[in-house]
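Engineer: Quick one: structure below, then a few questions.
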Amino acid sequence: MMKEKLSNELTEKYLYDVVRRLPEKQRKDIEQELRTLIEDMIEEREGSGEVSREECERAVLTELGDPAKMARSYRGDKEGLISGEYYDRYCYILKIVLLCAGAAILFSDIISAVVHVVNNETFDAISAIGYEVNEQLLSGSMWWEVFDIGITLPSALLQIFGVITLIFALMQRYHVKLDLSEEEWSVEKLPQIPYKKAMISRGESAVGIVFGVLVIILFAYRPQLMGAWIRQGDEMVSIPIFNLSIWGKVLPFFIISVMAGIISDFVKLVAGRYNYRVMVTTIVMDIVGFIMTFIFMKVLPIWNKDFMQALQRETGIAFSSKGDLLTYYNTDIFINGIVIVILFFFLLDIATTVYYTVRYGNKD
Numbered sequence: 001m002m003k004e005k006l007s008n009e010l011t012e013k014y015l016y017d018v019v020r021r022l023p024e025k026q027r028k029d030i031e032q033e034l035r036t037l038i039e040d041m042i043e044e045r046e047g048s049g050e051v052s053r054e055e056c057e058r059a060v061l062t063e064l065g066d067p068a069k070m071a072r073s074y075r076g077d078k079e080g081l082i083s084g085e086y087y088d089r090y091c092y093i094l095k096i097v098l099l100c101a102g103a104a105i106l107f108s109d110i111i112s113a114v115v116h117v118v119n120n121e122t123f124d125a126i127s128a129i130g131y132e133v134n135e136q137l138l139s140g141s142m143w144w145e146v147f148d149i150g151i152t153l154p155s156a157l158l159q160i161f162g163v164i165t166l167i168f169a170l171m172q173r174y175h176v177k178l179d180l181s182e183e184e185w186s187v188e189k190l191p192q193i194p195y196k197k198a199m200i201s202r203g204e205s206a207v208g209i210v211f212g213v214l215v216i217i218l219f220a221y222r223p224q225l226m227g228a229w230i231r232q233g234d235e236m237v238s239i240p241i242f243n244l245s246i247w248g249k250v251l252p253f254f255i256i257s258v259m260a261g262i263i264s265d266f267v268k269l270v271a272g273r274y275n276y277r278v279m280v281t282t283i284v285m286d287i288v289g290f291i292m293t294f295i296f297m298k299v300l301p302i303w304n305k306d307f308m309q310a311l312q313r314e315t316g317i318a319f320s321s322k323g324d325l326l327t328y329y330n331t332d333i334f335i336n337g338i339v340i341v342i343l344f345f346f347l348l349d350i351a352t353t354v355y356y357t358v359r360y361g362n363k364d
């Protein structure tokens, strides 16, 4: 019974490794077809009665060969600019590079556009009143910057696409080996089948990376936007919540904290499922992230001490009642509360990752 179970696991691993490389619409039919083929070949070998089912199955799977090559045969890959063993790696690397480069270029262009348009900033790092919204944001010049981004971004991505395609085309042309190992494929190299609950949404990881990049750019270039916005006549005025006079000291700790999260999301994006590599990365990055957060929250005076005074002056509202939550601004209760909430989410992320890795993940 144990050998039969092991044998069935080998078949399932082989089917998984083949089917995961195929287009979604083809997977079900091809899996059934290949399963039938394997069973028939095993039964044919078992007919002699000289070897066990497990040995027959190992021999059949070895005869069928590398699942990657089997998948290519089902896809019907034709000789082209990039085909064969290079195509899978090409698609994988292309997706990752275009995603990361696209996000970086997009947000870099957005910040450059905003800096170009909003060129008469009246910001004073010591003042409680930090920033005035220029009317140009709603004028044609801003829309021209948006149009310019719409032209430059596709152009940049097209160039990246061309470079990667050229590299892989040359690798195929000159038969550059992608796998430096000289070992032939064997059944022992079949991957573990991940549980569905062990899978990580690549979409969520990608969103996390993009959001992290956006937050870094916002806090690096326009921290004064984070505040209370008040209309004064035809203008909108921001009262920053942060102490911008020391922002140069705060920013490195903040960037390291967010970058730790981006690295964690990138590892999850590449892995696509929970495993020990993802777990270790998440634990280390979350610890680094919290330490950096603790430093700029508790050690450095990041809060604008004039915020409440300026807010009351501009709004004409006196916040004196204990029922007004704003009265707790920049107090130990306020700061400790934020730190505890952040710590909770870090611990939740670690606990979730450890649980799904230990319960459903693989040890690779």
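Counting from 1, one number per residue, gives the positions in the sequence shown under our numbering. Note that the Cβ used here is the ideal one computed from N, Cα and C, for glycine as well.
Would you give the residue range spanned by the beta strand (DSSP E) that ILE381 belongs to?
Structural biologist: Residue 381 cannot be examined here, being either before or after the span of the chain that is shown, 1 to 364.
Engineer: Which two residues bound the contiguous alpha helix (DSSP H) that contains PRO67?
Structural biologist: Counted from its first residue, the sequence shown places residue 67 at position 67. Unbroken alpha helix (DSSP H) run through PRO67: 67-75.
Engineer: What does the alpha-carbon distance come out to for the pair VAL237 and GLY162?
Structural biologist: Mapped onto the sequence shown, residue 237 falls at position 237. Mapped onto the sequence shown, residue 162 falls at position 162. Distance between the alpha carbons of VAL237 and GLY162: 46 Å.
Engineer: Taking VAL341 as the reference, give the member of PHE294, TRP185 and LYS305 with the closest Cα.
Structural biologist: As a first step, residue 341 must be located in the sequence shown, where it is residue number 341. Ranking PHE294, TRP185 and LYS305 by Cα distance to VAL341 puts PHE294 first.
Engineer: Pull up the DSSP beta-bridge partners for ILE230, would you.
Structural biologist: As a first step, residue 230 must be located in the sequence shown, where it is residue number 230. Looking at the DSSP assignment, ILE230 forms a beta bridge with VAL237.
Engineer: Please return the same chain residues whose Cβ sits closer than 8 Å to the Cβ of ALA220, not counting the five positions on each side in sequence.
Structural biologist: Along the sequence shown, read from residue 1 onward, the residue named residue 220 stands at position 220. So the qualifying residues of the chain are LEU251 and ILE255.
Engineer: Alpha carbons only, please: which of VAL19, ILE209, MET279 and PRO240 is nearest the one belonging to ILE302?
Structural biologist: Taking the first residue of the sequence shown as position 1, residue 302 is located at position 302. Nearest option by C-alpha distance: PRO240.
Engineer: Contact check, GLU12 vs ILE193 under 8 Å by CB: the rounded distance?
Structural biologist: Position 12 of the sequence shown, counted from the first residue, corresponds to residue 12. Position 193 of the sequence shown, counted from the first residue, corresponds to residue 193. Indeed, because the Cβ distance is near 6 Å, the residues count as touching under 8 Å.
Engineer: Would ALA103 pass as a contact of VAL176 if the rule is Cβ separation under 7 Å?
Structural biologist: Position 103 of the sequence shown, counted from the start, is the residue given in the question as residue 103. Position 176 of the sequence shown, counted from the start, is the residue given in the question as residue 176. No, they are not a contact pair.
Engineer: Tell me where the alpha helix (DSSP H) around TRP247 begins and ends.
Structural biologist: Start at 1 with the first residue of the sequence shown, and residue 247 comes out as number 247. Counting along the chain, the alpha helix (DSSP H) containing TRP247 begins and ends at 247-271.
Engineer: Look up ASN336 in the DSSP assignment and say whether it is helix, strand or coil.
Structural biologist: Counting from one through the sequence shown, the residue named residue 336 turns up at place 336. Note: ASN336 maps to helix in three-state DSSP.
Engineer: Taking the alpha helix (DSSP H) that MET297 falls in, what are its first and last residues?
Structural biologist: As a first step, residue 297 is located in the sequence shown; it is residue number 297 there, counting from the start. That residue, MET297, is in no alpha helix (DSSP H); it is neither H nor E in DSSP.
Engineer: Can you tell me whether GLN26 is buried or exposed? The criterion is at least 16 other CB atoms within 10 Å of its CB, across all chains shown.
Structural biologist: Against the sequence shown, residue 26 aligns to sequence position 26. Flag for GLN26 reads exposed.
Engineer: Alpha carbon to alpha carbon, how far is ILE160 from GLU63?
Structural biologist: The residue given as residue 160 occupies position 160 in the sequence shown. The residue given as residue 63 occupies position 63 in the sequence shown. Between ILE160 and GLU63, the C-alpha separation is close to 40 Å.
Engineer: Determine which residues share a DSSP beta bridge with TRP303 and list them.
Structural biologist: The residue given as residue 303 occupies position 303 in the sequence shown. Answer is PHE242.
Engineer: Bridge partners for MET199 per DSSP, in chain order?
Structural biologist: Working through the sequence shown from its first residue, we reach residue 199 at position 199. In DSSP, MET199 forms a bridge with ARG273.
Engineer: Could you work out which residue in GLY361, ILE262 and ASN243 is closest to ASP306 when comparing CA atoms only?
Structural biologist: Counting from 1 along the sequence shown, the entry for residue 306 is found at position 306. Comparing Cα positions, the closest option is ASN243.
Engineer: Reducing DSSP to helix, strand and coil, say where THR165 ends up.
Structural biologist: By 1-based counting over the sequence shown, the position of residue 165 is 165. Of the three classes helix, strand and coil, the one that applies to THR165 here is helix, per DSSP.
Engineer: Compute the distance between the beta-carbons of ASP17 and PRO67, then report whether it is under 7 Å.
Structural biologist: Sequence index remark: in the sequence shown, residue 17 carries index 17 (1-based). Sequence index remark: in the sequence shown, residue 67 carries index 67 (1-based). Going by C-beta atoms, ASP17 is nearer than 7 Å to PRO67.
Engineer: Is the Cβ-Cβ distance between VAL258 and GLY212 less than 7 Å?
Structural biologist: Taking the sequence shown and counting its residues from 1, one reaches residue 258 at position 258. Taking the sequence shown and counting its residues from 1, one reaches residue 212 at position 212. Contact flag set, yes.
Engineer: So PHE290 packs on LEU343, CB below 8 Å; how close in whole Å?
Structural biologist: Within the sequence shown, residue 290 is the residue found at index 290, counting from 1. Within the sequence shown, residue 343 is the residue found at index 343, counting from 1. Contact flag correct, Cβ pair sits at about 6 Å.
Engineer: Measure the C-alpha to C-alpha separation of ASN355 and ILE93 and round it to an integer number of angstroms.
Structural biologist: Your numbering for residue 355 matches position 355 in the sequence shown. Your numbering for residue 93 matches position 93 in the sequence shown. Contrary to the premise, residue 355 reads as Tyr rather than Asn in this sequence. Roughly 30 Å between the two C-alpha positions.
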